[in-house]
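To start, the structure itself, in structure tokens.
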Amino acid sequence: MRRFLLTLLALCAVPTLAFARVEDCDIGGQSVNPNNGHTTAGKTGLMRCRDRDTGRLVREEELRDGKFVGLVRFYDDKGELKREHSRNERGNRDGVAREFSGKQLVLEENLRNGSNTGLSRRWDARGTLQRVTFYGDDGREQAYAEFTSQGKLRQLRCAPQPQLAPFADDAAWCGHQRGAGTVTLHAEDGRVTGSLVHERGERRRSEHLHANGKPSEQVESTAEGGTERSFSDSGTKRRERQWVMRDNRRVTTLEREYHESGTLTRERQWKPGDRGSELVLEQQWYLNGQLRSKQAYERDGEQLLRQETRYHDNGRASFEGRWLLASRYDERPRGVHRSFDVDGKLRLERHYDERGRIQREREFDESGKVERDDAVFEDGSRKAFTK
């Protein structure tokens, strides 16, 4: 068994040994070993490393007084330049960096101590520009334009000032010239996927389309707030959200949901405040268009109250009552809760005290006459109510 395992391990090791590449490096014809600092100490020049078996150039690295600082180049299996960059004294990429596919330049970017800065460009293997990006001094992406292989605009992000010239006309596209800038977005197959509108680099409107050309999403915004809508692939609006801007963040003020038929089924409204927003109204509808329920929220000092009304599908109220929302999971009924039949006639009435305990319950017949009037106690027992 032991002999078998040793043989197996030896066989598994063969591919690793077979594909291990040995490099021979030199500086100006003098042999050096980049893994042995004694051989490179104090040396200045370009170190070239070649594959020992083929003699093919694999990489070049610049040394300055024994330190790997300056130009770095890597070559592919055909001996063609694959990528190049410069390295600073910290060992980070610094300056212009390039990548190639064959003889075609496919990436050119500027770096500062390892972070992107300024313009970066990417091409496909045929040399068609795919993306141009601008990075700020902090290394963060500020603006970009993406293109299809046919040169049509695929996506766009704008900055407060034009940054992408001469490779993309973001001065016009982003509304930095006269009036708003409007662009059309395309997919790789050439179909239109949406449109964008900018003013002075701020996005004011965007629309994205389903594959069939129907709207998928629409967003409209100003410095004060905006509206966002989403649609099914049939073009029916399914959701809508409105917001206002507070301290450079979006605070939602309205949400609506729609059935696939287009009928409004739910709506929620919020009131913006110093700590965000508070829900003030929630409503739901039947598919026949009649109101199904309504919950209104209000504050009484430090107390949060919810007034709820439910409806039959004929539009008449089926229930109304109020709750004290002591906490997220503690809702206490308050005051008188009433239930109604489909004709809107009062049929049941429950009275609650300040602690949310039921005190009295009354039932009514169709004519409105009291059928039962009970006093209700903490243990659930009852007796006829007396004043």
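Numbering (the numbering used here), first residue to last: 5 to 391.
Backbone N, C-alpha and C fix where the C-beta goes; we use that ideal spot for every residue, glycine too.
No experiment lies behind these values; they were computed from the predicted model shown.
If you draw a straight line from the C-alpha of residue i to the C-alpha of residue j, how long is it?
i      : j      : result
Ser105 : Gly198 : 32 Å
Gly142 : Trp289 : Here the sequence assigns Asp to residue 142, which means Gly is not the residue at that position. Whole-angstrom Cα-Cα distance: 50 Å.
Cys162 : Leu258 : 28 Å
Glu312 : Arg326 : 6 Å
Glu382 : Ile362 : 8 Å
Met249 : Asp278 : 12 Å
Ser124 : Leu133 : 11 Å
Val73  : Cys53  : 16 Å
Glu370 : Phe389 : 21 Å
Ala129 : Gln108 : 6 Å
His180 : Lys298 : 46 Å
Arg204 : Ser210 : 15 Å
Leu268 : Arg386 : 44 Å
Arg332 : Arg260 : 23 Å
Tyr79  : Leu200 : 42 Å
Arg336 : Gly185 : 55 Å
Thr240 : Ala321 : 30 Å
His42  : Thr58  : 27 Å
Arg376 : Phe344 : 16 Å
Gly339 : Ala330 : 15 Å
Trp274 : Asp317 : 26 Å
Gly99  : Asn117 : 8 Å
Phe368 : Arg296 : 23 Å
Lys47  : Ile31  : 8 Å
Glu286 : Leu157 : 42 Å
Lys218 : Phe235 : 8 Å
Gly229 : Gly95  : 46 Å
Gly305 : Asp357 : 19 Å
Ala101 : Pro38  : 22 Å
Gly83  : Ala176 : 43 Å
Mark residue i as exposed unless 16 or more other C-beta atoms lie within 10 angstroms of its C-beta, in which case mark it buried.
i      : result
His190 : buried
Val346 : exposed
Gly33  : exposed
Pro166 : buried
Thr44  : buried
Glu113 : buried
Gln307 : exposed
Val187 : buried
Asp174 : buried
Determine whether the beta carbon atoms of residue i and residue j lie at a separation below 7 Å.
i      : j      : result
Tyr148 : Asn120 : no
Leu1   : Glu66  : The chain is shown only over 5 to 391; residue 1 falls outside these bounds and no answer can be derived.
Leu115 : Arg126 : no
Asp69  : Arg25  : no
Arg91  : Val110 : no
Glu244 : Arg233 : yes
His212 : Ser220 : yes
His355 : Arg364 : yes
Ala172 : Val196 : no
Gly319 : Gln294 : yes
Arg87  : Glu64  : no
Leu328 : Leu350 : no
Using only CA atoms, which one of the options lies nearest to residue i?
i      : options                           : result
Glu145 : Asn92, Gly384 and Pro164          : Pro164
Ser281 : Gly266, Leu268, Tyr301 and Tyr315 : Tyr301
Lys373 : Leu352, Ser385 and Arg242         : Leu352
Gln2   : Gly118, Glu192, Gly185 and Trp177 : No answer is possible for residue 2: it lies beyond the span of the chain, which begins at 5 and ends at 391.
Glu93  : Arg242, Lys71 and Leu295          : Lys71
Gly194 : Ala169, Thr152 and Glu228         : Thr152
Asp237 : Asn216, Ala227 and Gln246         : Asn216
Arg242 : Asn252, Pro276 and Gln222         : Gln222
His202 : Thr188, Glu367, His214 and Cys178 : Cys178
Tyr315 : Lys156, Leu283, Gly83 and Asn292  : Asn292
Asp81  : Val284, Leu157, His89 and Val62   : Val62
Arg272 : Leu283, Gly83 and Asp304          : Leu283
Arg359 : Glu367, Asp334 and Asp378         : Asp334
Ala227 : His214, Asn252 and Asn117         : Asn252
Leu3   : Pro170, Gly183, Arg207 and Gly122 : No answer is possible for residue 3: it lies beyond the span of the chain, which begins at 5 and ends at 391.
Phe323 : Gly348, Asp304, Arg303 and Pro276 : Gly348
Leu168 : Asn37, Arg303, Gly122 and Glu286  : Gly122
- What beta strand (DSSP E) runs, 3 residues minimum, are completely inside the segment 353-379? 362-368
- Enumerated in chain order, which unbroken segments of the beta strand (DSSP E) with a length of 3 residues or greater are wholly contained in the segment 30-66? The qualifying runs are 34-36 and 49-55.
- Runs of beta strand (DSSP E) wholly within the segment 98-164 (minimum 3 residues, chain order): 99-105, 108-116, 119-127, 133-139, 145-151 and 157-161
- Task: Only counting runs of 3 or more residues, tell me where the beta strand (DSSP E) segments fall wholly within the segment 236-275, in order along the chain.
- Result: 241-250 and 253-262
- Query: What runs of the beta strand (DSSP E), each 3 residues or longer, lie entirely inside the segment 265-333?
  - Reply: The segment 265-333 contains these whole beta strand (DSSP E) runs: 268-277, 280-289, 295-304, 307-315 and 321-331.
- Task: List in chain order: all unbroken alpha helix (DSSP H) runs of 4+ residues lying wholly within the segment 151-225.
- Result: Every alpha helix (DSSP H) of 4 residues or more that sits fully in the segment 151-225 is shown, in chain order, as 174-177.
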